[in-house]
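If you count the sequence shown from 1, position 544 lands on 1169 in the working numbering, and the numbers rise without skipping.
Where is the CB? At the ideal position from N, CA and C, for every residue including glycine.
For reference, the structure discussed in these notes is given below.
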Amino acid sequence: MNFFRGVMGGQAAGPQPSGAETIHKLCDRVASSTLLEDRRDAVRALKSLSKKYRMEVGTQAMDHLINILQTDRSDSEILGYALDTLYNILCNDEEEEQDAVTPISASGKHKNVSMPDEAAQKQSDDLGAQFTEQFVQHAEHVTLLLSLLEEFDFHVRWPGVKLLTVLLKNQGVQVQGIILVSPMGVSRLMDLLADSREVIRNDGLLLLQQLTKSNAAIQKIVAFESAFERLLDIITEEGSSDGGIVVEDCLLLLLNLLKNNSSNQNFFKEGSYIQRMKPWFEIGDDNSGWSAQKVTNLHLMLQLVRVMVSPVNSPGATASCQKSMYQCGLLQQLCTILMATGVPADILTETINTVSEVIRGSQVNQDYFASVNAPSNPPRPAIVVLLMSMVNERQPFVLRCAVLYCFQCFLYKNQKGQGEIVATLLPSTIDANSISAGQLLCGGLFSVDSLSNWCAAVALAHSLQDNLTQKEQLLRVQLATSLGKPPVSLLQQCTNILSQGSKVQTRVGLLMLLCTWINNCPIAVTHFLHNQENVPFLTAQISENLGEDERLVQGLCALLLGICIYYNDNSLENYTKEKLKQLIEKRIGKENFVEKLGFITKHELYSRAAQKPQPVFLSPEQMLFDHEFTKLVKELEGVITKAVHKSNEEEKKEEEVKKTLEQHDNIVTRYKDLIREQDSQIQELKEQVASMSSQSEQMQTTVTQQLSQIQQHKDQYNILKLKIGKESQPNSQEDSSQVNCLQTEELTQLREEVEELRKQHALLQTQLGDKDTLLDTLKSETAESSAGGSDNTELLKELEALRSQVQSQSAEINHMKTERQELLTRTEAGSQDAVSSSDCSLDAAKMAELESRLAAQSSETQRLKEEAKSLSESRAALEQQLASATSTVAILQTEKAKLQTEVQESKKEQDDLLMLLADQDQKINALKQKLKDLGETVDDEDDLDGRDQTDDDYEDED
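Take a look at the structure:
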């Protein structure tokens, strides 16, 4: 123990051992001591020396410390010392290492070694990385740490959390892989969030931040371990945006889990966690005195919202999150912050960006944003207030960029909003008493501030993006330049400013506006070319050899002129497609024109703007390209290059091919329409056949019922006949009274049945009337149908025959009812008087006639069934006709594809022929030159005639 007293500060006689010697002796004691107390004291001594002698302790004691963690699990104190020592060895924090670069001499005195802070930090980082790599070479070391985290003792768990965090900082990918394959590894770390001790919980947050960096698999596991629920609970407990650093750590961890992880984003949305974000943005009326921590927290919360609706996410997921944010009131809460006073500038800027992405491409959210008004007197739309900030050069640059992004997102895929913005520029809707969005854009477009010019031009271009109607409407806008002068159109005023030679940023903005405006709009191209000064100005700009700064302007001028060629409808005689191409060839040169056009995509700022929709620029001078415009350039560069190089004959051939294809398309369209019409008619006929089949079945059922009733009446008649025969014989008085009583009851029953038959007859008459109406309708429709006329005629005849048969059956039934009524009347009379034998024979004859009619009725019913079967067969024939029409369409489409293939092959053969002729010309010229070199005279006219003859031969062969 005296040795430890000397190490820990006691004075001993003789020379003091060096630090390396002391550490060596301590390591021996840790390895060889059998008493736990001695090992504990030695590890405590190593901990105290681990900061000053980091190198020595790391190289000599690491293995011994790891062995302590494995063998002395029962003593929490020695485990804590060992973990703290390992943490000091591996940690790279400058404040922890400030004494590590001060070596001790053999005499025990410090050497004053001056070392720059950067060099010291680099040396510290190298040591930490070296020792961490040595520690994680064996995966069981990390697994051992994970098992130690299950210890609830504070002195073990807390240093274990810190040590694992340092390992993740220094060797993140390797440690993540070990934890990922460790059983219950991530679950053990998630348990740290449930620890009641805030220190461990907070350091657990830092550990999970390092664990979830750039590892989607671990992010998913953490998310499905109820991380969202726990983190949102902690944020609420800590006071949301008013909370401290713990809220910031929770938000950083949430960002790690959700950013670029579609699975976790979907889980977050499906778990209704978006609704729990709304209270974060509830701010009071008094917004003064925002703390730095509150600003940081709210900034991270806004970033979290943006992660869920980022344009880089899948469109379906983004639209679903936007819908949830509107339904839960989150968008409304963000708009409240947007219009509030006293909000810090950076929070206001980030809120504008957040609102932009929440409404981008969502019609419902865009409509709501258009209805938001600022709390001013009189109230003004939020869009107008934001545009006032954008065109105000006194506002911060980042705020103006955010407003431009918000305006772009408001108009993205929003033709209704585009129409509303353009309408504020039209003469019929201008209100002199209020400031509109269109007036602000025009004011910014012609301002002296070049940044305002660029922003207004880009904003106005987004009002016309992919909207042909608004491009044509904007041609109506007239501007009053000065008193006493006639108004000029907005298009003309833009070209006037271009010709005046303003700043590069202004000209770039105006050229982007003009390119977007006339793109895919022949009417706007005609208006642009109608001004005689525009084309000479563009050609002059393109043909000049200007400096590096003017190259972008030249490229945009070439793009504008190329659009005028590609979308030219040849309505102006002086500026047709062919004449413009001839002008380019004479004044500029085709190759030079294409080279100047390529200056746009080669610009260093072009690729940066093409990456994402949000305009992010380091300085105002870098604001040159818009994201949507980069997509337009990518789309048009190739087609303009082809259009400039095409000859007039090639264009004519392409037009002929297009016309041929259009004709084929028209033929196919007509056949499709015919098939649709026939299909609808067949469907109607099917419905009518089905209806009549059901009616036929109902009538068959009615006939069956009537047959059964007639059979019953026949049986009753036989019974009555027997009874009447019995009455003719001498019977006793009692038998006569019983028979008379029985006859009276049967007569009453027969009267009721006759009444029921009358009702059924009336119902049948009604059904027959409905059926007549249906048959008339079917007859008229069948007569009008052009296709399948013979089948429809046969069907109509069959239906008419069915109708006549049903009517004849109805007449027979009525006749039978009449005869039955007469029979009943005679039966009643027979009950009072004696019935002669001749009458009985007459009744028997009528009964036989009735039976024969019933048999005929049964055969007729059978024939009706056969008629229904034939109707079904006719329906099958109609379906077969439909299948035949469908196959005809398929054949036509195949013929169309063959024609297109033949056109392509013909075009390819023509190109090969042109190449062959060009090669022949080159060979002839080479031979001429050789003959001239040899001193031979060459007759050029003969050569020309020979060449013409060769061309004619080729044409004959074609």
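Can you say whether residue i is buried or exposed, counting buried as having 16 or more other CB atoms within 10 angstroms of its CB?
i       : result
Gly1042 : buried
Asn1199 : exposed
Arg1132 : buried
Ser916  : exposed
Phe849  : exposed
Met950  : buried
Met1015 : buried
Gly1180 : buried
Gln1529 : exposed
Thr696  : exposed
Asn692  : exposed
His1665 : No statement about residue 1665 is possible, as the shown extent of the chain runs from 626 to 1583 and does not include it.
Asp709  : buried
Gly810  : buried
Glu1229 : exposed
Asp828  : buried
Tell me, please, which residues DSSP counts as bridged to residue i.
i       : result
Ser1114 : Gln1103
Ala999  : Arg1005
Taking Cβ to Cβ, would you say residue i is nearer than 7 angstroms to residue j?
i       : j       : result
Arg654  : Ala645  : no
Val800  : Val767  : yes
Ile1167 : Ala1183 : yes
Cys875  : Ile899  : no
Arg855  : Ile825  : no
Asn713  : Lys677  : no
Ala1082 : Leu1135 : yes
Cys953  : Ile984  : no
Glu873  : Thr921  : yes
Asn881  : Thr837  : yes
Thr1164 : Arg1212 : yes
Ala1234 : Phe1250 : yes
Ser1077 : Gly1069 : yes
Leu769  : Leu674  : no
Val791  : Leu878  : no
Arg901  : Leu830  : no
Gln958  : Phe892  : no
Val997  : Cys946  : no
Val1178 : Leu1517 : no
Please return the same chain residues whose Cβ sits closer than 6 angstroms to the Cβ of residue i, not counting the five positions on each side in sequence.
i       : result
Gln1239 : Tyr1030
Met815  : Glu850
Ala1105 : Pro1112
Glu1169 : none
Check whether the Cβ of residue i lies closer than 6 angstroms to any heavy atom of the ligand PLP, and answer yes or no.
i       : result
Arg1212 : Ligands are entirely absent from the displayed structure, and the ligand PLP is therefore not among its contents.
Here's a check: name, in chain order, each residue in its chain whose Cβ is nearer than 7 angstroms to the Cβ of residue i, leaving out the five neighbours to either side.
i       : result
Val1264 : Tyr1191
Pro642  : none
Gly1044 : Gln1095
Beta-carbon within less than 8 angstroms of residue i's beta-carbon, same chain only, minus the 5 sequence neighbours each way: which residues are those?
i       : result
Leu1093 : Asn1145 and Cys1146
Ile1188 : Cys1140, Ile1143, Asn1144, Val1150, Leu1261 and Ile1265
Gln978  : The sequence given here has Asn at residue 978, not Gln. So the list reads Leu927, Arg931, Ala1027, Tyr1030, Cys1031 and Gln1239, once near-sequence residues are dropped.
Met1013 : Ile1060 and Leu1065
Glu702  : Arg665 and His780
Arg669  : Tyr706
Glu1377 : none
Phe756  : Gly683, Met687, Ile714 and Leu715
Lys845  : Asn886, Ser888 and Asn889
message: In chain order, what are the residue ranges of uninterrupted alpha helix (DSSP H) at least 4 long that sit wholly in the stretch 739 to 812?
response: 742 to 760, 764 to 773, 779 to 795 and 797 to 806
- prompt: Which parts of the stretch 1236 to 1315 are runs of the alpha helix (DSSP H), unbroken and 4 residues or longer, counting only runs that do not cross its ends?
  reply: 1252 to 1270
query: What residue ranges within the stretch 811 to 863 form continuous alpha helix (DSSP H) runs of no fewer than 4 residues, ordered along the chain?
result: 823 to 836, 841 to 847 and 853 to 862
- prompt: Curious, which full-length alpha helix (DSSP H) runs of at least 4 residues does the stretch 1178 to 1246 contain?
  reply: 1202 to 1208, 1215 to 1222, 1224 to 1227 and 1229 to 1234
Runs of alpha helix (DSSP H) wholly within the stretch 1111 to 1159 (minimum 4 residues, chain order): 1115 to 1124, 1129 to 1143 and 1147 to 1155
task: Tell me the start and end of each unbroken alpha helix (DSSP H) in the stretch 641 to 709 that is at least 4 residues and wholly inside, in chain order.
output: 644 to 657, 661 to 674 and 679 to 696
4-residue-minimum alpha helix (DSSP H) runs that sit fully inside the stretch 1034 to 1100, ordered along the chain: 1040 to 1048, 1062 to 1070, 1075 to 1089 and 1093 to 1099
- prompt: Which parts of the stretch 923 to 1003 are runs of the alpha helix (DSSP H), unbroken and 4 residues or longer, counting only runs that do not cross its ends?
  reply: 940 to 952, 955 to 964, 970 to 984 and 988 to 996
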